[in-house]
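Please read the structure below before turning to the comments.
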Amino acid sequence: MPELTDKVFLPIPIVVLNVFLAIFKFVLLSAVGACFAIYAKYGGEYAKSVGWTRSAGYLDMTKTFWNTYNRKKVPGTVKLALAVGLFTTLGASFLDKGIASFVTLTLQPGPPEKEVIPSRQFAPDEAVYMKFAGWNSVVPSNDNPVNTMRRTLNSSIAIHDRTDGYTYTPVISSDYNVTCADFEVQFLGEQLKTGGCGSVDLGIVGETGAGPGQFLTTKRSHNRWSIVMSSQFPGMSSYTMQDTSLGVGYRTSSRGCELPENYIHGRYISKTWGISDFPRASTLKCFLDDGNIAVMAMTTTRLNLDTEKRYSEVVDAMFAKPLDEMLLAMKDTIKIKILPPTPGQPSQNATRAEIWIEVRVINSTIDIHICGSAAPLNKELLEIGYECLYGTINVLQFRAPRNERIAQSLGSPFENFGLASYMTLEYVPNILSDGTFDPVSPEKMRNDTADMTKYMAELGYNFYADFKGKTLYIQYDVAKLRLGLEVPFWVIVVAGIILLIGLCVWQLTHWLVGSPHTSSLYSIIRARLASKSNTSVPKLMRFRFQPLMFEDVKLLPDEAESGCEVESDVVSIYKAESKYEAESDDDSEDQTNKTRGDRAV
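First residue of the sequence shown: 83, per the working numbering; consecutive thereafter.
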């Protein structure tokens with residue numbers, strides 16, 4: 083049962099909606115007429131005229147109301163009934179238009195069928211990191227990476243020969259068992275967290291390692307560490323963190339796989355402090371020899387500093403509040419110096435950089451914050467004293483049902499599968515009207531990274547990249563698009579209730595009140611003439627205005643015939659009423675004259 087706020091798709095053509103709205107309007111107007119039939123029976127002498135005036139249309143109702151409003155002898159309840167009749171008829175006439183305004187003509191997929199679709203891709207031969215060309219997507223500022231991944235897998239990048247009029251949705255499944263979510267963690271070979279069913283190695287790609295006495299590790303809590311190191315870069319006369327990237331490796335007893343940071347070296351050479359690279363993400367899936375699947379996802383962002391004293395100012399301006407504990411801890415860690423400059427060895431000083439690291443491990447999520455000082459020559463050329471990186475990593479190992487359809491298409495058993503997929507994403511910042519941007523949120527980075535890992539796990543064996551054959555295999559739910567109507571469920575409920583009540587009121591009134599109150603003036607005259615002539619009631623009768631006649635029977639006397647006998651009972655009744663009104667007028671005139679005479683005397 084859908085919620086009232088949900089939208090329901092009805093695979094019906096719009097002509098069916100038009101027929102329903104026509105019936106809805108007919109029943110609603112009939113129900114309003116039935117209510118006035120009840121009023122006609124119990125509302126007094128003027129009540130029937132209200133119903134007959136309503137049947138004449140809006141213009142006649144408006145004129146009648148206008149002419150009746152100032153007549154004092156007409157009861158106020160009758161005037162109110164006439165006004166209610168006008169506005170309820172108008173409301174009932176336009177209610178179907180209101181329902182139609184909530185209905186949207188849309189396309190929705192029909193019942194899906196599973197289909198494995200291979201697509202040829204390009205990848206350089208013997209590449210260090212296997213990745214198909216074009217798999218770098220953009221995440222809008224108001225979106226999340228999982229939606230971007232879905233769109234990428236549903237685009238022409240993955241489906242070259244897609245058929246128009248069909249949807250392709252990658253098959254996902256929550257039917258997977260997590261076999262490892264607790265890992266030991268190392269940074270540049272330094273053991274931080276022990277225990278676990280797998281091992282995660284963190285490193286700085288491009289760094290050659292610290293010398294003796296140049297690596298200081300401090301355990302801040304059971305899951306957080308601070309590291310300070312002074313690293314040498316032989317042969318490099320100028321160094322910054324822009325020349326390195328964060329690398330993550332995952333190892334088990336059977337196999338390991340590596341995920342590099344989605345970072346282009348030297349992409350931004352900025353002389354100003356602040357954000358230098360907005361969040362960028364990458365994700366990797368490996369099929370292991372023991373039947374497990376390992377998924378890793380990483381998101382990083384970077385910022386520049388001119389001096390270490392600028393760190394607090396930059397972090398406060400660039401990151402969302404409240405500040406993450408890793409950022410707060412770095413405010414103190416970055417002040418630590420473990421190795422003073424070497425006197426008399428300027429070349430060694432020029433190739434040495436101070437690096438500060440904060441690491442935190444929470445279940446399968448690893449947060450890392452790195453700040454590195456630039457070599458002296460770079461400080462002079464670029465005016466950049468420090469560059470910092472904030473990153474979050476999520477790792478998961480699991481087992482999932484195998485997809486034999488892909489194995490058959492590939493012509494190889496899953497035991498021989500290797501590296502499965504690598505995808506990169508880049509966030510687009512939300513630029514505000516004053517030229518600034520929304521602060522970077524470490525919490526959102528963590529949540530998005532975990533969502534990416536979960537989505538890759540849900541894809542399981544249904545998404546496989548054959549780098550040797552340069553072919554991508556994805557199993558889709560393929561569904562044909564159907565044209566239909568999308569309606570809020572509450573609109574369906576309200577329309578159904580109104581229609582049911584209208585039918586009940588209409589039918590019960592005809593059954594309980596009956597004629598002549600439910601009949602029109604034409605039906606009453608027709609029935610009276612038919613009873614006098616002892617013939618069946620015709621569907622239509624001949625009518626003339628001069629004189630006013632139905633089937634050659636006068637309804638009202640002409641002025642010249644006033645006071646003449648007419649055979650029709652309808653006319654006789656009218657004449658009797660007219661005579662009564664005339665006598666009443668004469669009596670009133672005599673009474674007025676008498677009063678005037680009395681006053682004269």
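Note that beta-carbon positions come from the ideal geometry of N, C-alpha and C, so glycine has one too.
Check, Outcome
"Burial state of Gln273 (16 or more Cβ within 10 Å)", "exposed"
"6 Å CB neighbourhood of Gln203 in its chain, flanking five on each side removed", "Phe214, Lys552 and Leu554"
"C-alpha gap between Ala379 and Met311, whole angstroms", "26 Å"
"Buried/exposed call for Pro222, threshold 16 Cβ in 10 Å", "exposed"
"N- and C-terminal bounds of the beta strand (DSSP E) containing Ile475", "Tyr468 to Arg481"
"Beta-carbon proximity check, Ser219 vs Glu540, cutoff 9 Å", "no"
"Alpha-carbon spacing of Pro483 relative to Ile286, whole angstroms", "36 Å"
"Inter-residue Cα distance where the pair is Ile185 and Asp530", "Note on identity: in this sequence residue 185 is Val, with Ile being the wrong assignment. Spanning the two alpha carbons is a distance of roughly 34 Å."
"Status (buried if at least 16 other CB within 10 Å, exposed otherwise) for Asp88", "exposed"
"Beta-carbon contacts of Gly584 that lie in its chain and below 6 Å, excluding the five residues immediately before and after", "Val109, Leu110 and Ala113"
"Touch test, the segment 623–635 against the segment 133–152, Cβ-Cβ under 8 Å, three pairs minimum", "no"
"Burial state of His242, where buried means 16 or more other Cβ atoms lie within 10 Å", "exposed"
"Cβ distance (whole Å) where Tyr128 is taken to contact Val166 below 8 Å", "Not quite, the Cβ-Cβ distance comes to about 14 Å (not below 8 Å), so this is no contact."
"Beta carbon of Met408 nearer than 9 Å to that of Leu385", "no"
"Nearest residue (CA-CA) to Cys279, options Thr518, Lys562 and Leu478", "Leu478"
"Three-way DSSP call (helix, strand, coil) for Ala240 in this model", "coil"
"Gln557 classed as buried or exposed, judged by whether at least 16 other C-beta atoms fall within 10 angstroms", "buried"
"First and last residue of the uninterrupted alpha helix (DSSP H) at Met527", "Pro524 to Leu541"
"Three-way DSSP call (helix, strand, coil) for Ala402 in this model", "coil"
"Counted within 10 angstroms of its Cβ, other Cβ atoms place Gly115 as buried (16 or more) or exposed", "buried"
"Range covered by the beta strand (DSSP E) that runs through Ser223", "Premise fails: Ser223 is in no beta strand (DSSP E) and is neither H nor E."
"9 Å Cβ cutoff met for Leu567 and Ile94", "yes"
"CA-to-CA distance, Leu235 to Gly139, given in whole angstroms", "59 Å"
"Of the listed residues Ile444, Lys419, Asp533 and Ala263, nearest to Cys453 (C-alpha basis)", "Lys419"
"The beta strand (DSSP E) enclosing Gly578, as first and last residue numbers", "Gly578 -> not in any beta strand (DSSP E); alpha helix (DSSP H) instead, spanning Phe571 to Leu594."
"Chain-order list of residues whose beta-carbon lies under 6 Å from that of Thr506 (same chain, five-residue window excluded)", "Asn218, Asn344 and Ser364"
"Nearest-angstrom beta carbon gap, Pro191 and Ala561 [assumed within contact, 8 Å]", "3 Å"
"Extent of the continuous alpha helix (DSSP H) run through Gln490", "Glu486 to Leu492"
"Beta-carbon proximity check, Tyr332 vs Ser281, cutoff 9 Å", "yes"
"Cβ-based neighbour list, Val443, same chain, cut-off 7 Å, excluding 5 preceding and 5 following", "Val267, Lys275 and Asn305"
"Any C-beta of chain D under 9 Å from that of Val166", "Considering every chain present, this structure includes no chain D. It has just one protein chain."
"Close-in-space but distant-in-sequence residues of the same chain around Phe487 (CB under 7 Å, 5 per side omitted)", "Here residue 487 turns out to be Arg, not Phe, going by the sequence shown. Closer than 7 Å at the Cβ level, and outside the excluded window around Arg487, lie Val198 and Gln557."
"Helix, strand or coil at Leu637 according to DSSP, with G and I counted as helix", "coil"
"Nearest-angstrom Cα separation, counted from Thr249 out to Lys361", "Here the sequence assigns Pro to residue 361, which means Lys is not the residue at that position. Approximately 31 Å, taken between the alpha carbons."
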